[in-house]
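Chemist:
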Amino acid sequence: MNRGGQLVKLDPRVWALAETHSQSFTVGDRVYGCMRFGACASYVNVPAHQIRKMPNNWNFSQGAAFTAQTLTSYYALKELGNIRSGKVVFIHSLAGGCGMQALKICEKLGASVIGTVGRPEKVLKLLERFPHLSIEQIIVRTTAKELGGQIDTALGYLQHKASIVSHSGIDIVMDAVLGDWFQPVYDRLRPGGRYIVYGAADMTPNSNKLGWNEWLRLGYQWLLRPKLDLLEVPSKNVGVMGFNLIHLLNDAELLLLLMEEMEALSLEPPHVGHEFEFSELVPALSLFRSGKTTGKVVLKV
Ligand SMILES: NC(=O)c1ccc[n+]([C@@H]2O[C@H](COP(=O)([O-])OP(=O)(O)OC[C@H]3O[C@@H](n4cnc5c(N)ncnc54)[C@H](OP(=O)(O)O)[C@@H]3O)[C@@H](O)[C@H]2O)c1
54 MNRGGQLVKL
64 DPRVWALAET
74 HSQSFTVGDR
84 VYGCMRFGAC
94 ASYVNVPAHQ
104 IRKMPNNWNF
114 SQGAAFTAQT
124 LTSYYALKEL
134 GNIRSGKVVF
144 IHSLAGGCGM
154 QALKICEKLG
164 ASVIGTVGRP
174 EKVLKLLERF
184 PHLSIEQIIV
194 RTTAKELGGQ
204 IDTALGYLQH
214 KASIVSHSGI
224 DIVMDAVLGD
234 WFQPVYDRLR
244 PGGRYIVYGA
254 ADMTPNSNKL
264 GWNEWLRLGY
274 QWLLRPKLDL
284 LEVPSKNVGV
294 MGFNLIHLLN
304 DAELLLLLME
314 EMEALSLEPP
324 HVGHEFEFSE
334 LVPALSLFRS
344 GKTTGKVVLK
354 V
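Each position in the sequence shown, counted from 1, maps to that position plus 53 in the working numbering.
1. Going by the DSSP bridge assignment, what does LYS353 pair with across the sheet?
2. Relative to the C-alpha of SER367, which candidate in ASP228, ASP233, ALA207 has its C-alpha closest?
3. Label LYS214 either buried or exposed according to how many other C-beta atoms from any shown protein chain fall within 10 Å of its C-beta, with 16 as the threshold for buried.
4. Would you mind giving the Cβ-Cβ distance between ILE249 and GLY150, rounded to the nearest angstrom? I have them listed as a contact below 8 Å.
5. Just checking GLN122 against ligand 1 - is the residue's beta carbon closer than 7 Å to any of the ligand's heavy atoms?
6. Give me whichever residues DSSP pairs with ILE223 in a beta bridge.
7. Over the uninterrupted alpha helix (DSSP H) stretch that includes GLY116, give me the two end residues.
8. Rounded to whole angstroms, what is the Cα-Cα separation between GLU314 and ASN266?
9. For the alpha helix (DSSP H) holding GLY86, just list the boundary residues, first then last.
10. When DSSP labels each residue in this structure, what does THR206 get in the three-state scheme?
11. Grouping DSSP H, G and I as helix and E and B as strand, with all else coil, what is ARG194?
12. How big is the Cα-Cα spacing for HIS102 and GLU316?
13. DSSP beta-bridge partners for TYR248?
14. Would you mind stating whether ILE223 and PHE143 have Cβ atoms separated by less than 8 Å?
15. One question on the structure: do MET153 and GLY348 come within less than 8 Å of each other, judged by their Cβ atoms?
16. Mind checking whether the beta-carbon of ILE346 lies closer than 7 Å to any heavy atom of ligand 1?
17. What do you get for GLY81, buried or exposed, if any count of 16 or more other CB atoms within 10 angstroms of its CB means buried?
18. Buried or exposed, going by whether 16 or more other CB atoms sit within 10 Å of the CB of ASP205?
19. Would ALA129 pass as a contact of MET256 if the rule is Cβ separation under 8 Å?
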């Protein structure tokens, strides 16, 4: 048996919020939620404002798959991105856990999406799960040089679809890939656009054992990592932001508000692409690290 726990002391204000919120649960309720660390456990101790009741038609894997990725996507799109109907949202790793949840949120809120995936086989998986998505909105990343042209084609498709003639460009970017893929997307931000960085998968190793060529690639990636000329930012009239969701756990009121808003969206259950037993932790992490996964990778404890 693994015992986890939220190893932080709650301040009295947060304790009061958690206590009030705990009145809405009874023993035996099926819940989903999030915690700071220690979630790979049979028992966890979580403040009540960090959990919600799970819809009856969801299974526990779907519940486990929901909060981290949906909250990440919702925080990026709503809090930082100021998403509204009619906006154009660009999402890297569209077939991933965050990517699919972000896509659902955009569809609910009436925003159009262009996304990238690293492998052609992920396009079909997306089209199967999202019937409103068209193939023109999904870009398979080939080279950073080609990405600009691929985005222009996708933007042209969206303009044509929405019969817009005046402007073209991206309003919100969700980027957890970074590397050379940054610049072509940044260059296509519309004035008022917001570029949100929340990871750097392209700049991380994708296997357990690294050869010298992979170390060289990572070193090269780090040296040539994207850099911004801050003098250019005001005239371009854009914002570049980054976040780590862990900070949201220090803002109990905002966390509770976002969880409530997310619930009110009545999103479909998340796509669990891969499930592993706890004893398969190493292969689970290896697969996740490979970049070949779609949807959420769930570990059963
Ligand atoms: N800042 C935060 O608070 C926060 C919170 C949650 C997640 N994250 C980050 O957000 C990203 C998405 O999270 P997720 O859980 O939904 O993961 P995910 O998207 O299901 O998986 C990561 C994806 O990254 C892409 N990728 C690109 N280059 C890669 C490389 N060299 N090695 C491995 N993968 C690579 C792959 O998709 P494609 O190749 O198809 O693009 C892969 O499927 C992750 O980078 C995660 O660390 C950040």
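Idealized CB from N, CA, C, for every residue including glycine. Predicted model only: the values in this text are computed from it and were never measured.
Modeler: Put simply:
1. Mapped onto the sequence shown, residue 353 falls at position 300. GLU330.
2. The structure shown does not extend to residue 367, since the chain is modelled only from 54 through 354, so no value can be given for it.
3. Stepping through the sequence shown from its first residue, residue 214 is reached at position 161. Exposed is the call here.
4. The count along the sequence shown starts at 1 and reaches residue 249 at position 196. The count along the sequence shown starts at 1 and reaches residue 150 at position 97. With 8 Å as the limit, ILE249 and GLY150 do not qualify as a contact, their Cβ atoms being about 16 Å apart.
5. Reading the sequence shown from its first residue, position 69 is the one you call residue 122. Checking the Cβ of GLN122 against ligand 1 gives yes.
6. Here residue 223 corresponds to residue number 170 of the sequence shown, with the count starting at 1. ILE223 has LEU242 as its beta-bridge partners, per DSSP.
7. The residue labelled residue 116 in the question sits at position 63 within the sequence shown. Segment 113–127, the alpha helix (DSSP H) holding GLY116.
8. Counting from 1 along the sequence shown, the entry for residue 314 is found at position 261. Counting from 1 along the sequence shown, the entry for residue 266 is found at position 213. When only Cα atoms are considered, GLU314 and ASN266 end up about 46 Å apart.
9. Counted from its first residue, the sequence shown places residue 86 at position 33. Here GLY86 belongs to no alpha helix (DSSP H); instead the beta strand (DSSP E) covers 84–86.
10. As a position in the sequence shown, residue 206 is number 153, starting the count at 1. Helix at THR206.
11. On the sequence shown, residue 194 is found 141 positions in, with the first residue counted as 1. ARG194 sits in coil when the DSSP states are folded into three classes, being neither helix nor strand.
12. Sequence index remark: in the sequence shown, residue 102 carries index 49 (1-based). Sequence index remark: in the sequence shown, residue 316 carries index 263 (1-based). CA-to-CA, the gap between HIS102 and GLU316 works out to about 13 Å.
13. By 1-based counting over the sequence shown, the position of residue 248 is 195. Paired residues: VAL226, VAL293.
14. Position 170 of the sequence shown holds residue 223. Position 90 of the sequence shown holds residue 143. Contact: yes.
15. Within the sequence shown, the letter at position 100 stands for residue 153. Within the sequence shown, the letter at position 295 stands for residue 348. Contact: yes.
16. Your numbering for residue 346 matches position 293 in the sequence shown. Note that residue 346 is Thr in the sequence shown, not Ile. True, at least one ligand heavy atom lies under 7 Å from that Cβ.
17. Walking along the sequence shown from the start, residue 81 turns up at place 28. Exposed, because fewer than 16 other Cβ atoms sit within 10 Å of the Cβ of GLY81.
18. Translated into positions along the sequence shown, residue 205 becomes position 152. In the assembly as shown, ASP205 is an exposed residue. Its beta-carbon has fewer than 16 other beta-carbons within 10 Å.
19. Translated into positions along the sequence shown, residue 129 becomes position 76. Translated into positions along the sequence shown, residue 256 becomes position 203. Cβ distance not < 8 Å, so ALA129 and MET256 don't count as in contact.
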